[in-house]
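Residue numbers (our numbering): 936 to 1164. All residues carry an ideal CB built from backbone N, CA and C; glycine is no exception. Being a predicted model, the structure only gives us computed values, none of them experimental. The structure under discussion appears below in the form of structure tokens.
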């Protein structure tokens, strides 16, 4: 691969294996993901979709193989550089993972606080993120008081607040009704159009059809096909 093509790639996975004891979750997976690409990872339950995403944000470590994200080799990354890697990635979970006894504002503020931002900038970033997901009126609400769709919009706001290069989303519409799912689809499209690389694991065929892009199909841990819609 020539140097210009390599420069256009933000994530490289080389012969990645992930085992849990004798169970093989991923087997010899090799993928290049381009900057600003919208990539879907799909396949049946147990295919390895969530495992692959966890490897990207160091929620899990590979059994063998290598992953390079924006020039950072995850096999060799020092503990001090892990926060730098995670600032490159915003993460959206199916079950939101909001802190229930913190307000929406406090949940979102955790990201810029961890980055060392000053109070005034934190306020500005939270306000912008809430405006982006049209949830400005919920800044003082607690997550348990919000609907599932509203909580997922806050989860999207948390993912984008640091303006990461990459968004990783694990079944972002899986727990939502069709109307709420449509809202999340629109937000993902909007974020991608702003230049963010999007990696979405999903069973949702409507989501894939609505957005389009490259689709990676996993089955029993193997990458069985790759195609573009």
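On the DSSP letters alone, give me the boundaries of the beta strand (DSSP E) that residue i sits inside.
i: residue 883; result: Outside the displayed span of the chain (936 to 1164) sits residue 883, for which this structure offers no information.
i: residue 974; result: 973-977
i: residue 1027; result: 1024-1027
May I ask which residues mark the beginning and end of the alpha helix (DSSP H) holding residue i?
i: residue 1000; result: It is not in any alpha helix (DSSP H) - residue 1000 instead sits in the beta strand (DSSP E) that spans 999-1004.
i: residue 1117; result: 1113-1128
i: residue 984; result: 984-991
i: residue 1084; result: 1083-1095
i: residue 1042; result: 1039-1049
Report the option in the options whose CA atom is closest to the CA atom of residue i.
i: residue 1121; options: 948, 1068 and 1011; result: 1068
i: residue 991; options: 1104, 972 and 1096; result: 1104
i: residue 967; options: 982, 974, 947 and 975; result: 947
i: residue 909; options: 1159, 980 and 973; result: In this structure the chain extends from 936 to 1164, so residue 909 is not present and cannot be described.
i: residue 1132; options: 1005, 1050 and 961; result: 1005
i: residue 1010; options: 1054, 995 and 1111; result: 995
i: residue 1029; options: 1043, 997 and 1085; result: 1085
i: residue 1019; options: 1101, 1027 and 1117; result: 1101
i: residue 987; options: 1163, 1162 and 1158; result: 1158
i: residue 1041; options: 952, 943 and 1078; result: 1078
i: residue 945; options: 1017, 1007 and 975; result: 1007
i: residue 954; options: 941, 1021, 976 and 1000; result: 1000
i: residue 970; options: 943, 962 and 1142; result: 943
Pull the bridge partners of residue i from the DSSP assignment, please.
i: residue 953; result: 961
i: residue 1150; result: 975 and 1162
i: residue 1132; result: 1101
i: residue 946; result: 968 and 1004
i: residue 1157; result: 1154
Determine, for residue i, whether the minimum Cβ-Cβ distance to residues of chain C falls below 8 Å.
i: residue 1133; result: Absent here is chain C; the protein component of the structure consists of one chain.
For the region 1025-1038 against the region 1084-1104, are there 3 or more C-beta pairs whose distance is under 8 Å?
The answer is yes - the region 1084-1104 touches the region 1025-1038, with three or more Cβ pairs under 8 Å.
So, do the region 1148-1160 and the region 977-992 have three or more beta carbon pairs nearer to each other than 8 Å?
Note that the region 1148-1160 touches the region 977-992; at least 3 beta-carbon pairs, one per stretch, sit closer than 8 Å.
At least three beta-carbon pairs within less than 8 Å, the region 1134-1142 to the region 1098-1115
Output reads yes: the region 1098-1115 touches the region 1134-1142.
So, does the region 1047-1065 touch the region 1110-1128, judging by three or more C-beta pairs under 8 Å?
Too few Cβ pairs lie closer than 8 Å, so no.
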